[in-house]
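Asker:
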Amino acid sequence: MKNQIKPVCLVMFIILALASGASAQLNYARLPVLQNQEITDTLLKPYFELATNKKGDTLLMSHRSLNVFFADKISNYLSEASDLSLSRGYFVLDNSDGRMFLGRSWRANKDREKPLKTILTGGIKANVEDNFAAFSSGRKWNKDIGGSLKATFLRKGVIYFDPDTSAGSQKAKLKQKRYEIANQVMLDYDEKLAKYKKIKAGTDNAGKDISDKSSAYGKEAAKAFSQLETAYLESTSKAYNQAFTRWASIEIYVPFTTSTYKTMNNFFDTSIATTDHYPFEGGLTYTMLFDKKKWSRQPLRLLTNAVLYPGTTLLTFKASMIANNSVKTKQLKTKAIEQYLDRGTVTDTLLLARLDSEDVYVGNFETFWTPSVSARWVYMPLDWIGVSAAIEYRFGKANAFNWKMGVPVSLKDKEGKSKVNFELICRKFLGDHSVGLSIGLPIGADII
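If you use mature numbering (1 follows the signal peptide of the UniProt record, and there is no 0), the sequence shown corresponds to residues -24 to -1, 1 to 424, in order.
The structure is reproduced here in C-alpha cells:
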C-alpha cells in the first residue's frame, strides 16, 4: 500500500492475525518398519510402511515427512497472493498490487501418505488500496472484486546428506533416530490403547469402538513421528547439508463485476462518460526453494555451492498478462474540482456535485493487454527474518520498470510454525515511490 497506512488499519489486521488463532496442525506420516519387531496390529500397519522411490530403493525419509519438512520452510514466505500456502485457508494483504486475498486450498491427491504433487486454490481478491483511499476521502468505491483460481504442481523435494554411510554419519544418525522415535510413539500408542481396552471391556460394541480408537491412535502416532523426525533435522546444523524443492503455478483472476470509470475528453468538457472494464489476469509462476544448513562442498542442483550462504533462499520467476487500461496505468489524471472551478466557466451544480464525490479522469480512455515478466529473491538467514528484492518489467502501452525491496518477518507459535508473516516494503510502481506493508496469515490446519 501507499505510505499513508493508517494506524487503525494496521492495528485491525494485527488483531485479526492474533485472534484468528489456529496454528497449522500437521497430519500423520508413515512410520518406518521397526527392526526386530513385528507389527501385528493390522490397523496400524499402513502407517508404518517404508517409503520407496520409483526404482524401489528405500528412502531415508517417508514421503509424508518430506512434505512436513518442506512445508515448515515454505510457510515462512507467505506475503503475496501468488505465494504457495500449505494451510487449508489463508489471508493476504498484498502490497504488490494493493489487493486483499482470502483463499482456500485443497490437495488433489487425498492420500496424505503419498508425495504432495498438486494443490488447487480458490479465493476472492478485492482492491483495498483504491477503496481505502476512496473511503478516506468520502468518494465512491470502485467495485474491483473477483475470484482467483490457481493450480500448483510440486516436485518432490530433495535433502542432501554426506555420502558417508558408516556409523556416526548423517545418514546413520538419522536412521537410528527414526527407530528411536518410532519406538517412542509405538510405546505411547500401546499404552493408550491398552487403557482404552480396559475401559471398554464387557461393553456393547466394544470390538468396533476399540477398532475405531486403534485407528485414531495410529494416526496420532504417525503424526507425532512426522513432527519429531522433522524437529530432529532442524535441531542441529549437522543433521543434513542442503535441501531443495520447486513448484510451478498457473493462476487466473476473473472479476465478479466490471470496474467503472468516469471520464471527460478534455479539461473544458462538461459531459461525463461512464466506461466499464473487466480486469482479467493470468499468470505462470516458477519457484525454487534452497535451504543450506551448513558450509559444504556438495553443490545444490542448478546452482553452484558458491551462490548460497547458510539459510533459506527463495527464487520466483513469473510471466503474466493483464487486461489493462489507461487509468490503471496512470496515463489519465483525476480532474480535481478545485482546478475545474478555477476555470470560472462552470455553473452546472449537478456536475460540480459529481466531481466532488467521484473520480473523473481527463483524456481518451483506452483498454489494452499488458504482458509482464518479474523475478523475486528472498533470503532468510534465520527462520524468522530476512531480506527480499523484486523487479518487474511491463511491455506495450504500459511500458514500465517496477521494483521493490523488503524485510520479511515470520512470527512463530510455540511449536515453531508460522502464525503470521508480514513484510515491510519500499517500492517504485509506475513511477511512484511508496512504503507499505504486506501481511500473510495462514488459517487452519495444513493440507499435507
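We put the CB at the ideal spot given by N, CA and C, even for glycine.
1. Buried or exposed for N85, going by 16 or more other Cβ atoms inside 10 Å?
2. Just to confirm before moving on: does the CB-CB distance between L291 and M264 stay below 9 Å?
3. Alpha carbon to alpha carbon, how far is E342 from K306? Give it in angstroms, no decimals.
4. Give the DSSP-derived three-state secondary structure of Q218 in the structure shown.
5. Report, in whole angstroms, the separation of the C-beta atoms of G133 and L42, which I expect to be a contact under 8 Å.
6. State the start and end residues of the unbroken beta strand (DSSP E) segment that holds F77.
7. Given a cut-off of 9 Å, decide if E399 and V411 are closer than it, judged by their beta-carbon atoms.
8. What did DSSP end up calling R88 once you bin it into helix, strand or coil?
9. Run the CB neighbour count on L417, radius 10 Å, all protein chains shown included, and call it buried at 16 or more, exposed below.
10. I'd like the span of the alpha helix (DSSP H) that includes F45, first residue to last.
11. Tell me, to the nearest whole angstrom, how far the beta carbon of T206 is from that of R131; I am working on the premise that it is less than 8 Å.
12. Tell me F344's beta-bridge partners as DSSP assigns them.
13. Taking the beta carbon of R6 as the centre, do at least 16 other beta carbons fall within 10 Å, making it buried, or is it exposed?
14. To the nearest angstrom, report how far apart K149 and S211 are at their CA atoms.
15. Decide if the region 45 to 56 is in contact with the region 390 to 398; the criterion is three or more beta carbon pairs, one per stretch, under 8 Å apart.
16. By the three-class DSSP mapping on this structure, what secondary structure does E391 have?
17. Would you call the region 252 to 260 and the region 291 to 300 in contact, with 3 or more CB pairs under 8 Å?
18. Spell out the partners DSSP gives K309 in its beta bridges.
19. How would you label H39, buried or exposed, when you count the other beta carbons within 10 angstroms and need 16 or more for buried?
20. Quick check on I228: does DSSP put it in helix, strand or coil?
21. N107: buried (16+ other C-beta within 10 angstroms of its C-beta) or exposed?
22. Quick check on E391: buried or exposed, where buried means 16 or more other Cβ atoms within 10 Å of its Cβ?
23. If you follow the alpha helix (DSSP H) that F201 is part of, which residue opens it and which one closes it?
24. Give a yes or no on whether the C-beta atoms belonging to P255 and I298 are separated by under 9 Å.
25. Relative to the alpha-carbon of F45, which residue among K393, G407 and A421 has its alpha-carbon at the smallest distance?
26. Check whether the Cβ atoms of R352 and A374 sit closer than 9 Å, and answer yes or no.
27. In this structure, does DSSP put K149 in helix, strand or coil?
28. Can you check which of these residues, L406, L92, G79 and Q152, is closest to G98 by C-alpha distance?
29. Less than 9 Å separating the beta-carbons of G65 and I100?
30. Could you work out which residue in D188, Y337, V354 and T236 is closest to residue 425 when comparing CA atoms only?
31. Could you check what DSSP says for N159 in three-state terms: helix, strand or coil?
32. What does K173 pair with, by DSSP beta-bridge criteria?
33. How many angstroms separate the CA atom of K176 from the CA atom of D188?
34. If you measure between the beta carbons of K151 and D140, is that distance less than 9 Å?
Answerer: Here's the rundown:
1. Position 109 of the sequence shown holds residue 85. Label assigned to N85: exposed.
2. Along the sequence shown, read from residue 1 onward, the residue named residue 291 stands at position 315. Along the sequence shown, read from residue 1 onward, the residue named residue 264 stands at position 288. Yes. Within cutoff.
3. Within the sequence shown, numbered from 1, the residue matching residue 306 stands at position 330. Within the sequence shown, numbered from 1, the residue matching residue 342 stands at position 366. Near 12 Å, if we compare the C-alpha coordinates of E342 and K306.
4. As a position in the sequence shown, residue 218 is number 242, starting the count at 1. In the three-state reduction of the DSSP assignment, Q218 falls in the strand class.
5. By 1-based counting over the sequence shown, the position of residue 133 is 157. By 1-based counting over the sequence shown, the position of residue 42 is 66. Going by Cβ atoms, the distance from G133 to L42 rounds to 5 Å, so yes, they are a contact pair.
6. To locate residue 77, count along the sequence shown from 1; it is residue 101. Per DSSP, F77 belongs to the beta strand (DSSP E) from R75 to R83.
7. Numbered from its first residue, the sequence shown carries residue 411 at position 435. Numbered from its first residue, the sequence shown carries residue 399 at position 423. Not closer than 9 Å, so no.
8. The residue given as residue 88 occupies position 112 in the sequence shown. In this structure, R88 counts as coil in the three-state DSSP scheme.
9. As a working note, residue 417 is residue 441 in the sequence shown. With 16 or more other Cβ atoms inside 10 Å of its own Cβ, L417 counts as buried.
10. Along the sequence shown, read from residue 1 onward, the residue named residue 45 stands at position 69. Note, F45: alpha helix (DSSP H), H39 to I50.
11. The sequence position of residue 206 within the sequence shown is 230, counting from 1. The sequence position of residue 131 within the sequence shown is 155, counting from 1. The Cβ separation is near 19 Å, so there is no contact.
12. Residue numbering aside, residue 344 sits at position 368 when the sequence shown is read from its first letter. DSSP, once it has assigned bridges, lists N300 as partnering F344.
13. In the sequence shown, the residue the question calls residue 6 occupies position 30. Any reading at R6 must be qualified, since the residue scores a pLDDT of 37, below 50, and its modelled position is unreliable; the value itself is stated next. Per the 10 Å Cβ criterion, buried.
14. Numbered from its first residue, the sequence shown carries residue 149 at position 173. Numbered from its first residue, the sequence shown carries residue 211 at position 235. A straight line joining the alpha-carbon of K149 with that of S211 spans about 13 Å.
15. The region 390 to 398 and the region 45 to 56 touch, with three or more beta-carbon pairs separated by less than 8 Å.
16. Along the sequence shown, one-based indexing puts residue 391 at 415. Collapsing the DSSP output to three states places E391 in coil.
17. Yes, the region 252 to 260 is in contact with the region 291 to 300.
18. Here the question's residue 309 lines up with position 333 in the sequence shown. Its beta-bridge partners are V338.
19. The residue labelled residue 39 in the question sits at position 63 within the sequence shown. With 16 or more other Cβ atoms within 10 Å, it is buried.
20. As a working mapping, residue 228 is identified with position 252 in the sequence shown. Here I228 sits in strand by DSSP.
21. Along the sequence shown, read from residue 1 onward, the residue named residue 107 stands at position 131. Here N107 scores only 47 on pLDDT, less than 50, and its place in the model should not be relied on; the value that follows carries that caveat. Answer is buried; the Cβ neighbour count reaches 16.
22. Here residue 391 refers to the residue found at position 415 of the sequence shown. Exposed, by the Cβ-count rule.
23. For the purposes of this step, residue 201 is identified with residue 225 of the sequence shown, where counting begins at 1. Per DSSP, F201 belongs to the alpha helix (DSSP H) from A182 to S211.
24. Position 279 of the sequence shown, counted from the start, is the residue given in the question as residue 255. Position 322 of the sequence shown, counted from the start, is the residue given in the question as residue 298. Contact annotation: P255 and I298 have beta-carbon atoms nearer than 9 Å.
25. In the sequence shown, the residue the question calls residue 45 occupies position 69. F45 has its Cα closest to that of K393, out of K393, G407 and A421.
26. For the purposes of this step, residue 352 is identified with residue 376 of the sequence shown, where counting begins at 1. For the purposes of this step, residue 374 is identified with residue 398 of the sequence shown, where counting begins at 1. Against a cut-off of 9 Å, the Cβ pair of A374 and R352 comes out as no contact.
27. In the sequence shown, the residue the question calls residue 149 occupies position 173. Note: K149 maps to helix in three-state DSSP.
28. Taking the sequence shown and counting its residues from 1, one reaches residue 98 at position 122. For G98, the nearest C-alpha among the options comes from G79.
29. Stepping through the sequence shown from its first residue, residue 65 is reached at position 89. Stepping through the sequence shown from its first residue, residue 100 is reached at position 124. For G65 and I100, no; Cβs fall outside 9 Å.
30. One cannot answer for residue 425 here, as it falls past the ends of the chain, which runs -24 to 424.
31. On the sequence shown, residue 159 is found 183 positions in, with the first residue counted as 1. Looking at N159 - three-state DSSP - the assignment turns out to be helix.
32. Within the sequence shown, the letter at position 197 stands for residue 173. DSSP output for K173 lists no bridge partner at all.
33. Taking the sequence shown and counting its residues from 1, the one referred to as residue 176 is at position 200. Taking the sequence shown and counting its residues from 1, the one referred to as residue 188 is at position 212. Rounded to the nearest angstrom, the two C-alpha atoms are 12 Å apart.
34. Taking the sequence shown and counting its residues from 1, the one referred to as residue 151 is at position 175. Taking the sequence shown and counting its residues from 1, the one referred to as residue 140 is at position 164. No.
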